[in-house]
Amino acid sequence: MKFSCEKAILLNAVNAAARAVSKSSSIVTLEGILIEASSDSVLLTGYNLTTGVRAIINTIPEKTGSIVINARLLGDIVRKSPDDLITLDADENLTVNITCGMSKFTIMGLSPGDYPELPTPENEKSLTIPANTLKSMISMTIYAVSDNENKPVHTGSLFDVKDGFLNVVSVDGYRMAIRREKIVSTVDKMSFVVPGPALREVERLCGETEETVNIILGRRHITFEIGDVTVVSRLLEGDFINYEASIPKEMPVTVVAETKKLQDAVERVSLIISERLKNPIRCHFEDSVLRLTCITPLGRANDEIGIDGDGGNIEIGFNNRYLSDAIRAVPDEKIKISLINAISPCIIQPIEDDSYLFMVLPVRLKA
């Protein structure tokens with residue numbers, strides 16, 4: 009196998025594939041990147057048996073073939089190479105020569121025959137969505153993905169397609185985030201759960217392209233085709249929460265707040281909260297005023313901001329991080345906050361539409 013390309017092109021492909029490589033595995037080849045040179049392109053694949061990333065380099069190889077190279081070593085060599093044409097040449101004895109300018113490395117590769125096959129999409133159902141839209145949907149909901157392995161299905165986000173809309177939903181038992189977008193799809197209805205780590209990789213890749221993303225649903229795997237990179241992930245199994253039934257139907261108290269002012273106030277009050285000293289933020293919704301208070305062994309913090317509307321004199325407590333995460337995900341200058349009472353969920357939504365909904369459960373306050 010032998011091919012040449014610009015250093016920057018190879019480095020981008022190596023970096024993409026390396027993000028799915030196992031850091032430590034009993035299968036040595038999983039710590040490497042599979043490189044396959046065909047007649048008209050070169051494929052680089054990283055796979056940890058849960059998530060796989062495959063990057064394509066459009067170049068005509070001098071010789072076809074395949075080999076596995078340790079991901080860390082390959083990445084370091086390419087990264088430190090001069091900004092020039094780089095050539096990778098591997099022989100049948102698994103000896104690899106990497107040449108760039110006056111720099112040359114000779115290293116040993118691994119047999120590609122031991123590398124697990126990356127699942128291929130069965131093309132049962134598919135949809136396309138602009139990359140910037142998908143990035144927004146993931147970034148606005150990924151914060152609420154659970155890290156509790158006792159409920160594995162909630163360690164990912166639900167993709168729910170129905171009635172011409174795609175809903176992306178994350179929930180961890182204390183909060184829920186929903187992002188909704190109208191889509192054009194030949195699929196009337198489909199639903200699947202994608203693991204959080206795979207979504208973070210998709211989110212990152214979507215930020216590097218303005219193209220559309222092709223999403224292909226198989227029986228056990230989901231495939232995201234993003235430009236020259238493909239992400240394949242095992243789906244999470246289990247019963248995801250009925251998110252629509254979890255949203256209160258009537259919320260008698262509604263106020264409007266400026267997003268940045270609210271976020272700044274929450275962050276200021278949170279300064280006396282630490283991992284060791286976890287007390288809730290007490291939010292007192294009054295007529296045209298929201299007062300925030302927190303008391304910990306470090307001291308007491310008070311703040312207030314103006315709001316539009318009457319808060320019904322509701323005093324409700326929140327985990328500072330959960331509240332801050334929800335507010336930080338808001339893209340608008342103002343938000344609508346809906347309440348029922350001190351022991352019911354708080355809902356954060358846009359003023360004009362239903363493109364997102366963030367729900368935060370309260371913390372019971374001591375008298």
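Our numbering applies: residue 9 is where the sequence shown begins, and numbers increase by one. Yeah, the Cβ is synthetic: ideal placement off N, Cα and C, and Gly gets one too.
With a threshold of 8 Å on Cβ separation, who are the neighbours of residue i within its own chain once the five nearest residues in sequence on each side are excluded?
i: K15; result: V86, S89, P90, D91, D92, L93, I94 and C108
i: S352; result: P256 and P370
i: G320; result: P260, V261, F293 and L347
i: F326; result: P288, I289, C291, C354, V368, P370 and V371
i: N56; result: A28, V29, S30, S33 and L38
i: L102; result: I75, M116, G117, L118 and S119
i: L279; result: A309
i: E323; result: R290, C291, H292, F293, A350 and L373
i: D316; result: V263, V264, A265 and S296
i: K342; result: V264, A265, E266, T267 and I359
Taking DSSP's pairing of strands, which residues face residue i in a bridge?
i: K159; result: Answer by DSSP bridge pairing: none, since K159 is not bridged.
i: P138; result: T220
i: S165; result: V202
i: I94; result: C13 and C108
i: I64; result: L51
i: N78; result: G40
i: G73; result: A45
i: T103; result: M116
i: T59; result: S241
i: K133; result: L225
Could you name the residues of the same chain whose beta carbon sits closer than 6 Å to that of residue i, not counting the 5 residues immediately before and after it, in chain order?
i: F113; result: I85 and I106
i: T231; result: P129, I224 and V240
i: N349; result: none
i: M358; result: Met is not the amino acid found at residue 358; the sequence shown has Pro there. Excluding sequence neighbours, P358 sits near D340.
i: A334; result: I356, F366 and V368
i: S193; result: L135
i: A185; result: T149, A152, S178 and F366
i: L213; result: I234 and V237
i: E216; result: none
i: I249; result: V179
i: D196; result: none
i: V83; result: For clarity, residue 83 is Gly in the given sequence; the question names Val instead. V22 and A26.
Compare the C-alpha of residue i against each of the options and name the closest.
i: V274; options: L225, H292 and V195; result: H292
i: A139; options: K344, L300 and I223; result: I223
i: P305; options: I315, E323 and R284; result: R284
i: V297; options: V264, V177, G307 and G325; result: V264
i: L174; options: Y182, D180, I150 and F200; result: F200
i: E252; options: I324, L365, E233 and P358; result: L365
i: L126; options: T238, N310 and V221; result: T238
i: S282; options: I17, R329 and S363; result: R329
i: G226; options: L135, E341, G121 and L19; result: L135
i: E266; options: P339, L18 and P69; result: P339
i: L18; options: R242, N250 and D236; result: D236
i: I191; options: A337, M145 and D295; result: M145
i: N23; options: G60, E312, R242 and S12; result: G60
i: L331; options: Q271, S147 and G40; result: Q271
i: V277; options: P124, D122, S147 and L300; result: L300
i: G121; options: L96, L42 and K197; result: L42
i: M198; options: A206, R212, E360 and D168; result: D168
i: K269; options: D311, E258 and N250; result: D311
i: D155; options: I313, R187, V195 and R183; result: R183
i: E209; options: V36, G54 and S49; result: G54
i: G172; options: S147, I68, S254 and I137; result: I137
Starting from the C-beta of residue i, find all residues in its chain whose C-beta is less than 7 Å away, skip the five residues before and the five after it, and write them out in chain order.
i: I303; result: N287
i: T72; result: M9, A45, S46 and S47
i: A98; result: M9, G73, I75, V104 and G117
i: P160; result: L244 and G246
i: L51; result: E44, R62 and I64
i: A21; result: L52, A63 and I65
i: V153; result: T163, G164, S165, S178, D180 and G204
i: R228; result: R242 and L243
i: E70; result: K10 and F11
i: N78; result: E39 and G40
i: T141; result: E189
i: A206; result: T59, V239 and S241
i: P124; result: Y55 and L57
Where does residue i sit, in a helix, a strand or coil, going by DSSP?
i: V153; result: coil
i: I146; result: helix
i: G172; result: coil
i: I115; result: strand
i: K88; result: helix
i: A28; result: coil
i: L126; result: coil
Query raised in the report: For the stretch 175-239, which segments carrying the beta strand (DSSP E) assignment without a break, of at least 3 residues, lie completely within its bounds, in sequence order?
Result: 183-190, 197-203, 220-225 and 229-234
Query raised in the report: What alpha helix (DSSP H) runs, 4 residues minimum, are completely inside the stretch 227-298?
Result: 251-254 and 267-277
Report task. Identify every run of the beta strand (DSSP E) within the stretch 288-375, keeping only runs that are complete inside it and at least 3 residues long; order them along the chain. Result -> 289-304, 307-326, 342-347, 354-357 and 364-368
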